[in-house]
Ligand SMILES: NC(=O)c1ccc[n+]([C@@H]2O[C@H](COP(=O)([O-])OP(=O)(O)OC[C@H]3O[C@@H](n4cnc5c(N)ncnc54)[C@H](OP(=O)(O)O)[C@@H]3O)[C@@H](O)[C@H]2O)c1
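Numbering (our numbering), first residue to last: 1178 to 1387.
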């Protein structure tokens, strides 16, 4: 399976406000690129904190893609905190809420997959998704989930759109958060594959060195 990370950060390396609330970083050209990318994958994955702070719909917008495919929506949510009102549960496309093995919650318009003892075990999840026909997985964040995919070396590609703005704030999230590399040998090496101007911003594309 090819795992593609995509996120938008400010020029000072932040992906949201210090309150962790979403802010507009992408421009119109980048949104077009992201919706085309979403349309090219089999599933789009985010962490529960992104659902709680941004309430994303995780669908392909017909404004950008005329006849969208409907990638599966996936939320990593160990203890089942996804609110019933979340937009990912609106029934517009197939949705998987991935919890740990102890969680008993079920969700309207979504299937629950139980995988892992505490947090979701990504090494077990990937083959489960592959068996469901997922060949291309888009990881859209947030910070902790992106770090998990990088540190486990399960991600293959990283796309970072750099918007022309500074958000600041020591506590504002960055593209990769979580526990971070404890030492130099745990740092994840990336190989720059491409960089290009996208409207007023820049798109950086990296391959993860494994
Ligand atoms: N600019 C962008 O492109 C962009 C895109 C998306 C999000 N964001 C921003 O990112 C922020 C949210 O990021 P975040 O780091 O707080 O949270 P997150 O990565 O969205 O979600 C993290 C949570 O997912 C759950 N999880 C389950 N299994 C996991 C695993 N194996 N690895 C990691 N997490 C796992 C954990 O909660 P449980 O233990 O409860 O399961 C964990 O705390 C928001 O501010 C949002 O606006 C920005």
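Cβ coordinates follow ideal geometry from the N, Cα and C atoms, glycine included.
All of these numbers come straight from a predicted model, not from anything done at the bench.
Residue i - DSSP class collapsed to helix/strand/coil
{"i": "residue 1323", "result": "helix"}
{"i": "residue 1225", "result": "helix"}
{"i": "residue 1370", "result": "strand"}
{"i": "residue 1235", "result": "coil"}
{"i": "residue 1305", "result": "helix"}
Inter-residue spacing [alpha-carbon to alpha-carbon] between residue i and residue j
{"i": "residue 1263", "j": "residue 1232", "result": "6 Å"}
{"i": "residue 1379", "j": "residue 1373", "result": "6 Å"}
{"i": "residue 1271", "j": "residue 1287", "result": "7 Å"}
{"i": "residue 1179", "j": "residue 1218", "result": "9 Å"}
{"i": "residue 1206", "j": "residue 1346", "result": "27 Å"}
{"i": "residue 1241", "j": "residue 1268", "result": "21 Å"}
{"i": "residue 1265", "j": "residue 1370", "result": "32 Å"}
{"i": "residue 1377", "j": "residue 1282", "result": "44 Å"}
{"i": "residue 1225", "j": "residue 1254", "result": "5 Å"}
{"i": "residue 1351", "j": "residue 1300", "result": "24 Å"}
Environment of residue i [buried if 16+ CB atoms lie within 10 Å]
{"i": "residue 1320", "result": "buried"}
{"i": "residue 1368", "result": "exposed"}
{"i": "residue 1210", "result": "buried"}
{"i": "residue 1260", "result": "exposed"}
{"i": "residue 1183", "result": "buried"}
{"i": "residue 1256", "result": "exposed"}
{"i": "residue 1189", "result": "exposed"}
{"i": "residue 1239", "result": "exposed"}
Nearest-angstrom beta carbon gap, residue j and residue i [assumed within contact, 8 Å]
{"i": "residue 1339", "j": "residue 1381", "result": "7 Å"}
{"i": "residue 1199", "j": "residue 1193", "result": "6 Å"}
{"i": "residue 1386", "j": "residue 1366", "result": "4 Å"}
{"i": "residue 1251", "j": "residue 1222", "result": "4 Å"}
Using 8 Å as the threshold, is the stretch 1273–1281 in touch with the stretch 1291–1304, meaning 3 or more CB pairs across them? yes
Three-pair Cβ contact test at 8 Å for the stretch 1298–1315 versus the stretch 1358–1368: no
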